[in-house]
Amino acid sequence: MGKAAESSKGLVGVMQAFLKGATFQTTRPQKDKTAAGPSTEKKAKAIPWVEKYRPKCVDEVAFQEEVVAVLKKSLEGADLPNLLFYGPPGTGKTSTILAAARELYGPVLYRQRVLELNASDERGIQVIREKVKNFAQLTVAGTRTDGKLCPPFKIIILDEADSMTAPAQAALRRTMEKESRTTRFCLICNYISRIIEPLTSRCSKFRFKPLANQIQEERLLEICDKENLKYTKESIAALVRVSDGDLRKAITFLQSAARLNVDKEVTECTVIEIAGVVPPKMIDNLLQICFKGTFEKLEVTVRNMVDEGYAATQILIQLHEAIIEGDLTDKQKSAITEKMAVVGKCLSDGADEYLQMLSLCSVIMQQVAQNN
Ligand SMILES: Nc1ncnc2c1ncn2[C@@H]1O[C@H](COP(=O)(O)OP(=O)(O)O)[C@@H](O)[C@H]1O
Ligand SMILES: [Mg+2]
């Protein structure tokens, strides 16, 4: 116990240093960069495109009109309720609050007024008690160094708040209430159901919608132009397809694809390769063996797929699609998908990929056999 606590303390230290560094390095130079024109930049300052093309003001956040409208109203009044952003990954939650904070405080004050915590290790109950509390207790003035008015409170951003333990969330609740004069909280999470009710009831809730394909395409095309990439319509469509609504994923894939080819050409093939999608032929083959083959054959095929390095979770997703669309009876489908749910859970708990896949495929085999 003592040892664990000690090592987690060390970790917290490292994370703090990391977070501090990250906040300044990623948000600051980015600003200068766009002013200078990104395409003329030297390669030396390579930053991930997700950071480089993060919206800089709330107006640049696409597709979340309702959220932006309400948030802007709050910004005008220079008062902000406690916020809770929720929705799927890569839809602009972090970007929105960072942009809002920057608009409120300007680049200088931003550093003093905004505390951003976004790794799950950072937020045991101890950290909430000490770090958040200490920061929350500092009182602040209502003017900026450049004389402009700014709100007399600080903002604490707790990204991925749904990974906080319930006791830590409860500790936060007290702090939130006690420091309401000087501090606003912004909780960000994917699953609102994992936030305890006393916290959700203290925040204005904002739901972020999954981004429409067209919006994603537009953003990707914009980046392609700014980075002088060669692309085809199909490759952009493929990017959107493989990243299911997660623009961060799509942008990251785009950057990898651009790096992979010498002349900055993004092809559909590279996209699919990078995304780690299992070739449809392989999935078909696997299913055929489940339908008609023997268990021995199945063993070999599954072994091969896992050895080829395809992620079991990816195989699972694609098998799921194939099964749902395939022509089995509803009863068979429901038995198989139920097994898929169990396998998915086991995989996320760190179970052996080969065994899980084999177990799933044998259920498919069994179901098919039963009906014949
Ligand atoms: N609504 C949006 N408008 C513009 N860009 C977006 C939007 N959502 C996501 N992005 C892009 O995706 C990246 C990740 O967004 P982020 O705000 O970190 O997502 P989240 O916090 O919701 O997971 C950003 O760098 C940005 O370029
Ligand atoms: Mg985020």
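For the sequence shown, counting from 1, position 58 maps to 58 in the UniProt record's numbering; every step adds exactly one.
The beta-carbon is built from N, C-alpha and C at its ideal position, and this holds for glycine as well.
On a predicted model such as this, the values are computed, not experimentally measured, just so you know.
- Counted as a single uninterrupted DSSP element, the stretch harbouring T165 is not any beta strand (DSSP E), since DSSP gives it neither H nor E.
- Shortest gap from the CB of K93 to any heavy atom of ligand 2: under 7 Å.
- Runs of the beta strand (DSSP E) lying entirely within the region 282–326, each at least 3 residues long, are absent.
- Bounds of the beta strand (DSSP E) holding F185 are 183–189.
- If one requires a minimum length of 4 residues, the alpha helix (DSSP H) runs lying completely within the UniProt domain "AAA+ ATPase" (79–211) are 93–113, 133–137, 166–178, 197–200, in chain order.
- Ranked by Cα distance from G142, the options L104, I317, L247 are led by L104.
- Distances taken from the Cβ of I188 to the heavy atoms of ligand 2 include one shorter than 7 Å.
- G90 is classed as buried because its beta carbon has at least 16 other beta carbons within 10 Å across all chains shown.
- Note that the C-beta distance between L80 and R184 is below 8 Å.
- Between ligand 2 and the CB of D159, the shortest heavy atom gap is smaller than 7 Å.
- Contact annotation: the region 218–230 touches the region 249–263, with at least three C-beta pairs closer than 8 Å.
- Straight-line spacing of the CA atoms in L138 and K154 works out to 9 Å.
- A check of alpha carbon separations from K56 across F208, G106, P88, D244 identifies G106 as the nearest.
- V278 has its alpha-carbon roughly 22 Å from the corresponding atom of N213.
- At least one heavy atom of ligand 1 falls within 7 Å of the beta-carbon of G90.
- Sixteen is the threshold: when 16 or more other Cβ atoms of the shown chains lie within 10 Å of the Cβ of R113, as they do, the residue is buried.
- In the three-state reduction of the DSSP assignment, E265 falls in the strand class, which pools E and B.
- Where E76 is concerned, the enclosing alpha helix (DSSP H) starts and stops at 65–76.
- At least one heavy atom of ligand 1 is found less than 7 Å from the C-beta of V61.
- Placement of the Cβ of L71 at a distance of 7 Å or more from every heavy atom of ligand 1 is found.
- Scanning its chain for C-beta atoms nearer than 6 Å, with the 5 sequence neighbours on each side dropped, one finds around L298 the residues I289, C361, in chain order.
- CA-CA distance, S334 to I315, rounds to 18 Å.
- Secondary structure at Y231: strand, using DSSP grouped into helix, strand and coil.
- Sorting R129, I317, D327 by C-alpha distance to the C-alpha of K178 places R129 at the top.
- Separation of C203 and V262 (C-alpha to C-alpha, rounded to the nearest whole angstrom) is 49 Å.
- For I251, the enclosing alpha helix (DSSP H) stretches over residues 247–260.
- CA-CA distance, A341 to T294, rounds to 24 Å.
- The C-alpha of S95 lies about 30 Å from the C-alpha of D349.
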